[in-house]
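No gaps in the numbering here: position 20 of the sequence shown is 20 in the working numbering, and each next residue is one more. Just so you know, even glycine gets a beta-carbon here, dropped at the ideal spot from N, CA and C. Since the model is a prediction, treat every value here as computed from it, not as a measurement. Note sheet for the following structure.
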Amino acid sequence: MKFILTVNPHGGTKKGPQLLKKVKPIFEASGTDLFIIETTFAGHA
1 MKFILTVNPH
11 GGTKKGPQLL
21 KKVKPIFEAS
31 GTDLFIIETT
41 FAGHA
């Protein structure tokens with residue numbers, strides 16, 4: 001299975017990077033192909 005995950009490090013409560021650190025190992029352990037896109041400016045996503 002493949003997933004594309006978009007992370008906005010500056011949006012909302014700015015917890016995107018912290019949450020990514022928690023969920024990334026779960027995806028990796030399941031053998032899932034994970035492609036991470038980190039937004040860099042407003043409207044980027």
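Express the C-alpha separation of residue j and residue i in angstroms, rounding to a whole number.
i     : j     : result
Phe27 : Asp33 : 8 Å
Phe49 : Thr13 : Given that the chain is displayed from residue 1 to residue 45, the structure contains no residue 49 and the question cannot be resolved.
Ile4  : Ile37 : 7 Å
Thr40 : Asn8  : 7 Å
Ala29 : His10 : 27 Å
First and last residue of the beta strand (DSSP E) that includes residue i?
i     : result
Phe35 : Asp33 to Glu38
Lys2  : Lys2 to Val7
Are the Cβ atoms of residue i and residue j separated by less than 9 Å?
i    : j     : result
Thr6 : Ala42 : no
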